[in-house]
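Peer 1: Below: one structure in structure tokens.
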Amino acid sequence: MLSATTDPRSFGLAFTALLLATGLAVALSLNSGTISFTVSEVVRALFGQAQGPQILAFQVIRNIRLPRALVAALCGMNLAVAGCLLQAVLRNPLASPNIIGVSAGAGFFAVLVMVVLPGHLHFVPPAAFAGALGAAALVYALAAWPRALDAGGGTVTIILAGVAISALLNAITSGIMVLHSDDLDVTYTWLIGGLSGRSWNHVALVAPYSLPGIVLAIFLSPKLNLFPLGDEMGSGLGSNIGALRFLFIALAAALAGSAVSVAGTIGFVGLVAPHISRLVVGNDSRVLLPFSALMGAFLLLVADLCARTVFMPVELPVGVVTAALGAPFFILLLVHRGREGGHGSTQ
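Taking my numbering, the leading residue of the sequence shown gets 967, the next gets one more, and so forth.
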């Protein structure tokens, strides 16, 4: 992939422009829907009190649209940062939470908790994290199988293993949802990702994982720059590459799992956001991670806005929009890698 320079001034300008675009996306999200409000009504609903004729605007904006926008932003950030971490650690630009099975593992465990402990939904995020981490570990173990490596798969085997594990876990999850359709407070739209009906409770579920996880990832981002150099060189620089790899995969699993637990298995954000960011700010993880986080928030906010408004009053699951945009991008990446004629790193 092409890359840009990452001098502080250009990064600052790019980050400011993206921050403004994200703010605009939030503003449009607050005022888009079957009921429209004036700018002054939106401002009063956000910062005022619910009284008189302002009650409707207050309820719709403060209690429906604002938490939905926050969930979209947090989940977009989580998926984008998780994608960045996985692409660097696995040295594979096609790695992302949904492609290598992390999202499917999170979804499987989340649905399992909904069935076994329906009255304890606060266990869903940690269960999704466990499922995401377990799926990542399984995929990595399969990809590291000696015969697979001898067959010439290398890191590309991770993609093949991830596709297989994702298919299996998604099939089992679908079966559970069919057998317990009367007990589950979720629908099939959850399997492809949806933000409809998200409330402050969902913000409270995802935020404790999002904010510390993203801050920790950015704090550790200098270590992430060691992985494109190779394990031997990284170890030669005094770092325990094996421990770092486990830490970053666990962190990616926590971020992706928490996003899946509240928004379902939204695909391709974790693939597209890091690549777009890499084109703008380059490969240095110290600037790539924060920029990708903001890019992920922006992309999911825009995707949700399209899902809500394109066929209004009918609302699409946001996962349909991200798949429609992300699948062609994934194909372009495959074509690009085919032209490069190798399976090495493109970091």
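C-beta atoms are modelled at their ideal positions from N, C-alpha and C, and glycine is treated no differently.
#1: Determine the DSSP secondary structure at Ile-1124, reduced to helix, strand or coil.
#2: Measure the Cβ-Cβ separation of Cys-1041 and Leu-1266 and say whether it is below 8 Å.
#3: Is Ala-1102 closer than 8 Å to Val-1090 when the C-beta atoms are compared?
#4: I think Ile-1125 touches Asn-1058, with their Cβ atoms under 8 Å apart; what is that distance to the nearest whole Å?
#5: Can you tell me where the alpha helix (DSSP H) holding Thr-988 begins and where it ends?
#6: If you reduce the DSSP assignment to three classes, tell me which class Ala-1061 lands in.
#7: Pop quiz: Ser-1227 and Ala-1094 are said to be a contact at Cβ under 8 Å. What is the actual Cβ separation, rounded to whole angstroms?
#8: In this structure, how does DSSP classify His-1088 when only helix, strand and coil are distinguished?
#9: Considering only their Cβ atoms, is the gap separating Ile-1131 from Gly-1285 smaller than 8 Å?
#10: Can you name the start and end residues of the alpha helix (DSSP H) that Ser-1243 belongs to?
#11: How is Val-1047 classed by DSSP in three states: helix, strand or coil?
#12: For Pro-1256, report the span of its alpha helix (DSSP H) as first-last.
#13: What is the DSSP secondary structure of Thr-1288, reduced to helix, strand or coil?
#14: Identify whether Phe-1296 lies in helix, strand or coil by the three-state DSSP scheme.
#15: Would you kindly work out how many angstroms separate the C-alpha atoms of Leu-1271 and Ser-1205, rounded to a whole number?
#16: If you follow the alpha helix (DSSP H) that Gly-1071 is part of, which residue opens it and which one closes it?
#17: Quick check: Leu-1052 and Ala-1239, are their CB atoms within less than 8 Å of each other?
#18: Quick one: grab the DSSP three-state call for Asn-1136.
#19: Just mark Val-1082 as buried or exposed, buried being the case when its beta carbon has 16 or more other beta carbons within 10 Å.
#20: Candidates Ala-1054, Ala-1048 and Ala-983: which alpha carbon is nearest Gly-1196's?
#21: Rounded to the nearest angstrom, how far is the Cβ of Val-1047 from that of Leu-1210, given a contact under 8 Å?
#22: Distance check for Leu-1022 and Phe-1013, CA to CA, integer angstroms please.
#23: Given that a residue counts as buried once 16 or more other Cβ atoms are within 10 Å of its Cβ, and exposed if not, what is Val-1000?
#24: Tell me the rounded alpha-carbon separation between Ser-1006 and Pro-1033.
#25: Going by Cα to Cα distance, which pick from Leu-1087, Met-1199, Ile-1142 and Pro-1256 is closest to Phe-1185?
#26: If you measure between the beta carbons of Val-1105 and Gly-1067, is that distance less than 8 Å?
#27: Tell me which residues share the same chain as Ala-1183 and place their Cβ nearer than 7 Å to its Cβ, disregarding the 5 neighbours each side in the sequence.
#28: Can the beta-carbon of Val-1181 be found closer than 8 Å to that of Val-1037?
#29: Quick check on the burial criterion: 16 or more other C-beta atoms within 10 angstroms. Buried or exposed for Met-1080?
#30: How many Å lie between Asn-1242 and Ala-1039 at the Cα?
#31: If you draw a straight line from the alpha carbon of Gly-1262 to that of Val-1144, how long is it in whole angstroms?
Peer 2: Let me lay it out:
#1: The residue labelled residue 1124 in the question sits at position 158 within the sequence shown. Ile-1124 falls in the helix class under three-state DSSP.
#2: Translated into positions along the sequence shown, residue 1041 becomes position 75. Translated into positions along the sequence shown, residue 1266 becomes position 300. Yes, the pair counts as a contact, with Cβ atoms nearer than the cut-off.
#3: Within the sequence shown, residue 1090 is the residue found at index 124, counting from 1. Within the sequence shown, residue 1102 is the residue found at index 136, counting from 1. No; because the gap between Cβ atoms is not below 8 Å, this pair is not in contact.
#4: Your numbering for residue 1125 matches position 159 in the sequence shown. Your numbering for residue 1058 matches position 92 in the sequence shown. In this structure Ile-1125 touches Asn-1058 by the C-beta definition: roughly 7 Å separates them, less than 8 Å.
#5: Residue numbering aside, residue 988 sits at position 22 when the sequence shown is read from its first letter. Per DSSP, Thr-988 belongs to the alpha helix (DSSP H) from 974-996.
#6: Your numbering for residue 1061 matches position 95 in the sequence shown. Three-state DSSP puts Ala-1061 in coil, outside helix and strand.
#7: Indexing the sequence shown from 1 puts residue 1227 at position 261. Indexing the sequence shown from 1 puts residue 1094 at position 128. Separation of the CB atoms of Ser-1227 and Ala-1094 is rounded to 4 Å, and the pair is thereby assigned contact status at 8 Å.
#8: As a first step, residue 1088 is located in the sequence shown; it is residue number 122 there, counting from the start. Helix.
#9: Within the sequence shown, numbered from 1, the residue matching residue 1285 stands at position 319. Within the sequence shown, numbered from 1, the residue matching residue 1131 stands at position 165. Contact flag unset, no.
#10: If you number the sequence shown from 1, residue 1243 lands on position 277. Looking at the DSSP string, the run of the alpha helix (DSSP H) that includes Ser-1243 is 1235-1247.
#11: Locating residue 1047 in the sequence shown gives position 81, counting from the first residue. The answer is helix: DSSP assigns Val-1047 an H, G or I state.
#12: Sequence index remark: in the sequence shown, residue 1256 carries index 290 (1-based). Counting along the chain, the alpha helix (DSSP H) containing Pro-1256 begins and ends at 1251-1275.
#13: Against the sequence shown, residue 1288 aligns to sequence position 322. DSSP places Thr-1288 in helix when its eight states are reduced to three.
#14: Counting from 1 along the sequence shown, the entry for residue 1296 is found at position 330. Helix at Phe-1296.
#15: Taking the sequence shown and counting its residues from 1, the one referred to as residue 1271 is at position 305. Taking the sequence shown and counting its residues from 1, the one referred to as residue 1205 is at position 239. Cα to Cα, the separation comes out at about 43 Å.
#16: Here residue 1071 refers to the residue found at position 105 when the sequence shown is read from its first residue. In this chain, the alpha helix (DSSP H) harbouring Gly-1071 covers 1068-1082.
#17: On the sequence shown, residue 1052 is found 86 positions in, with the first residue counted as 1. On the sequence shown, residue 1239 is found 273 positions in, with the first residue counted as 1. No, they are not a contact pair.
#18: Indexing the sequence shown from 1 puts residue 1136 at position 170. It is helical.
#19: Residue numbering aside, residue 1082 sits at position 116 when the sequence shown is read from its first letter. By the 10 Å Cβ count, Val-1082 comes out exposed.
#20: The count along the sequence shown starts at 1 and reaches residue 1196 at position 230. Closest by C-alpha distance to Gly-1196, out of Ala-1054, Ala-1048 and Ala-983, is Ala-1054.
#21: Within the sequence shown, the letter at position 81 stands for residue 1047. Within the sequence shown, the letter at position 244 stands for residue 1210. Rounded to whole angstroms, the Cβ separation of Val-1047 and Leu-1210 is 16 Å, and the two are not in contact under 8 Å.
#22: The residue labelled residue 1013 in the question sits at position 47 within the sequence shown. The residue labelled residue 1022 in the question sits at position 56 within the sequence shown. So the two alpha carbons sit approximately 14 Å from each other.
#23: Sequence index remark: in the sequence shown, residue 1000 carries index 34 (1-based). Looking at the sequence provided, one finds Thr at residue 1000 rather than Val. Exposed, because fewer than 16 other Cβ atoms sit within 10 Å of the Cβ of Thr-1000.
#24: As a position in the sequence shown, residue 1006 is number 40, starting the count at 1. As a position in the sequence shown, residue 1033 is number 67, starting the count at 1. Linking Ser-1006 to Pro-1033 through their CA atoms gives a straight-line distance of about 20 Å.
#25: Working through the sequence shown from its first residue, we reach residue 1185 at position 219. Shortest Cα-Cα distance from Phe-1185 to any of Leu-1087, Met-1199, Ile-1142 and Pro-1256 involves Pro-1256.
#26: Within the sequence shown, the letter at position 139 stands for residue 1105. Within the sequence shown, the letter at position 101 stands for residue 1067. Result yes, Cβ atoms of Val-1105 and Gly-1067 sit closer than 8 Å.
#27: As a first step, residue 1183 is located in the sequence shown; it is residue number 217 there, counting from the start. Excluding sequence positions up to five before and after Ala-1183, its CB lies within less than 7 Å of the CB of Val-1047, Leu-1051, Leu-1217 and Leu-1255, all in the same chain and listed in chain order.
#28: For the purposes of this step, residue 1181 is taken as the residue at position 215 of the sequence shown. For the purposes of this step, residue 1037 is taken as the residue at position 71 of the sequence shown. It is not a contact, given that the beta carbons lie outside the stated cut-off.
#29: As a first step, residue 1080 must be located in the sequence shown, where it is residue number 114. Buried, by the Cβ-count rule.
#30: Mapped onto the sequence shown, residue 1242 falls at position 276. Mapped onto the sequence shown, residue 1039 falls at position 73. One point to set straight first is that residue 1242 is Ile, not Asn, in the sequence displayed. Going by the C-alpha atoms only, they are around 17 Å apart.
#31: Position 296 of the sequence shown holds residue 1262. Position 178 of the sequence shown holds residue 1144. Straight-line Cα distance between these residues: approximately 32 Å.
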